[in-house]
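Visitor: Each position in the sequence shown, counted from 1, maps to that position plus 144 in my numbering.
Where is the CB? At the ideal position from N, CA and C, for every residue including glycine.
This is the structure I have questions about; it appears just below.
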Amino acid sequence: MNLLEGQSITVTGVDDVDNYNLVEYSKDAEGNLQIVGGYCMKIMSELQLLLNFSIKVVTSYDYIKEENGTLGGIGGQLINGSADITIPLSYLLPFRVKYVVALHPLIREPMLAIFHPPTRSTSVRDIYIGTLSPSLWVALILTWLLVYGGYWILLLCNHSDVQSNECFLIIVAAISEQGWYKRDGRLPFWILTFISFVFGYIILESFRATIISELAFERQLVKVFDDLFTNGFKILTNPLQQWGRYIAPTGRDREEFMREIATFYKNDSDSAIKVIRGGYAFLSTWDYFPELWVSTM
Numbered sequence: 145m146n147l148l149e150g151q152s153i154t155v156t157g158v159d160d161v162d163n164y165n166l167v168e169y170s171k172d173a174e175g176n177l178q179i180v181g182g183y184c185m186k187i188m189s190e191l192q193l194l195l196n197f198s199i200k201v202v203t204s205y206d207y208i209k210e211e212n213g214t215l216g217g218i219g220g221q222l223i224n225g226s227a228d229i230t231i232p233l234s235y236l237l238p239f240r241v242k243y244v245v246a247l248h249p250l251i252r253e254p255m256l257a258i259f260h261p262p263t264r265s266t267s268v269r270d271i272y273i274g275t276l277s278p279s280l281w282v283a284l285i286l287t288w289l290l291v292y293g294g295y296w297i298l299l300l301c302n303h304s305d306v307q308s309n310e311c312f313l314i315i316v317a318a319i320s321e322q323g324w325y326k327r328d329g330r331l332p333f334w335i336l337t338f339i340s341f342v343f344g345y346i347i348l349e350s351f352r353a354t355i356i357s358e359l360a361f362e363r364q365l366v367k368v369f370d371d372l373f374t375n376g377f378k379i380l381t382n383p384l385q386q387w388g389r390y391i392a393p394t395g396r397d398r399e400e401f402m403r404e405i406a407t408f409y410k411n412d413s414d415s416a417i418k419v420i421r422g423g424y425a426f427l428s429t430w431d432y433f434p435e436l437w438v439s440t441m
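Structural data, given as structure tokens:
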């Protein structure tokens with residue numbers, strides 16, 4: 145059931161361009177504020193289409209602050225009902241958007257894993273070749289040109305008596321006889337092998353460039369929490385937080401696993417640096433990674 149169907153959602157943030165806000169505001173012809181750009185523009189637009197709700201934009205002139213025992217700024221707007229969604233510290237979020245991704249590994253617990261997405265080389269197993277793919281025909285034509293290019297190279301080796309329709313037979317015969325006897329001598333087998341290797345390498349690289357890069361699809365390597373372990377990530381989290389009962393991989397002793405985590409963890413800022421460099425995942429109950437990353441700059 146879509147509870148947002150037909151509803152108007154009020155979004156507020158601090159309109160401070162010096163801090164690289166996620167939202168850029170403008171006024172329409174009637175003087176009403178509207179979102180015209182920023183990092184969350186695309187997300188908001190997609191959510192609007194998916195959940196069929198409208199957005200009303202209001203701005204605040206200050207971040208969350210406390211005055212005389214009351215909450216002001218964007219925090220006060222949430223409490224008094226003048227805003228439904230607020231974007232605090234939005235100038236920090238682009239750092240996480242650019243460098244890392246977040247994974248919610250445990251549905252029952254408010255915890256997420258923050259990591260630099262891994263990359264992998266394309267595997268032939270991931271190739272799907274369509275019979276009408278332009279890249280396939282380009283590769284075949286290129287292969288044909290390379291084979292006949294080899295024929296012209298052989299002509300430069302004083303084999304002007306070779307006919308084009310004999311090219312394939314001569315190459316096979318030369319390799320099988322461990323050389324090619326010509327009118328004025330013998331072309332050694334290793335030269336033929338080297339030429340064949342060069343041709344084969346060029347054809348292979350052409351195939352990789354024109355077929356694999358176009359038709360192989362990239363799988364997302366980390367979809368669930370267990371994928372972090374299978375892809376070799378080291379887990380970083382504050383060992384004082386007793387999360388071992390949730391994150392120990394199958395078949396591992398939980399206390400031993402927590403001791404292993406303690407050897408990797410120094411502090412939160414160090415964890416942010418390690419995550420950016422890759423190979424580490426940082427576990428937290430809330431997304432304050434942007435603050436950690438900015439503090440290391």
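1) Quick check on Ile417: buried or exposed, where buried means 16 or more other Cβ atoms within 10 Å of its Cβ?
2) So what's Val155 in DSSP terms, helix, strand or just coil?
3) Hey, could you find the ends of the beta strand (DSSP E) Leu460 is sitting in?
4) For Lys200, name the three-state secondary structure that DSSP assigns.
5) Taking Asn224 as the reference, give the member of Thr154, Ala425 and Ala406 with the closest Cα.
6) Taking Phe369 as the reference, which of Met402, Leu427 and Ser413 has the closest Cα?
7) If you draw a straight line from the C-alpha of Leu193 to the C-alpha of Lys200, how long is it?
8) With DSSP run on the structure shown, which of helix, strand or coil describes Ala173?
9) Are there 16 or more other CB atoms within 10 angstroms of the CB of Gly422, so buried, or fewer, so exposed?
10) At the level of alpha carbons, what is the spacing between Glu404 and Glu190?
11) Spatial neighbours of Leu148 within its chain, please: CB distance less than 8 angstroms, with the 5 preceding and 5 following residues excluded, ordered by chain position.
12) According to DSSP, simplified to helix, strand and coil, what is Val368?
13) Since Ala97 is in the alpha helix (DSSP H), which residue starts that stretch and which ends it?
14) Can you check which of these residues, Leu384, Glu400 and Tyr424, is closest to Asn375 by C-alpha distance?
15) Pick from Asn382, Ala173 and Asp228: whose alpha carbon is nearest that of Gln151?
16) When you compare each of Leu215, Thr381, Phe377 and Glu399 to Ser413 by their alpha carbons, which one comes out closest?
17) Can you list, in chain order, the residues of its chain whose CB lies under 8 angstroms from that of Tyr409, leaving out five sequence neighbours each side?
18) In its own chain, which residues sit with a C-beta less than 7 angstroms from the C-beta of Lys378, not counting the 5 before and 5 after it?
19) What is the DSSP secondary structure of Leu256, counted as helix, strand or coil?
Guide: If we stick to the structure as given:
1) exposed
2) strand
3) Any answer about residue 460 is impossible in this case: the structure gives the chain only from 145 up to 441.
4) strand
5) Thr154
6) Among Met402, Leu427 and Ser413, the Cα nearest to that of Phe369 belongs to Leu427.
7) 15 angstroms
8) coil
9) With fewer than 16 Cβ atoms within 10 Å of its Cβ, Gly422 is classed as exposed.
10) About 41 angstroms.
11) Leu195, Asn196 and Phe197
12) coil
13) The question about residue 97 has no answer, for the chain in this structure spans 145 to 441.
14) Out of Leu384, Glu400 and Tyr424, Tyr424 has the C-alpha closest to the C-alpha of Asn375.
15) Asp228
16) Thr381
17) Cβ-Cβ distances below 8 angstroms link Tyr409 to Leu380, Thr381, Asn382, Pro383 and Ser415 in the same chain, with the five nearest sequence neighbours on each side left out; the list follows chain order.
18) These residues qualify, in order along the chain: Phe408, Gly423 and Tyr424.
19) strand
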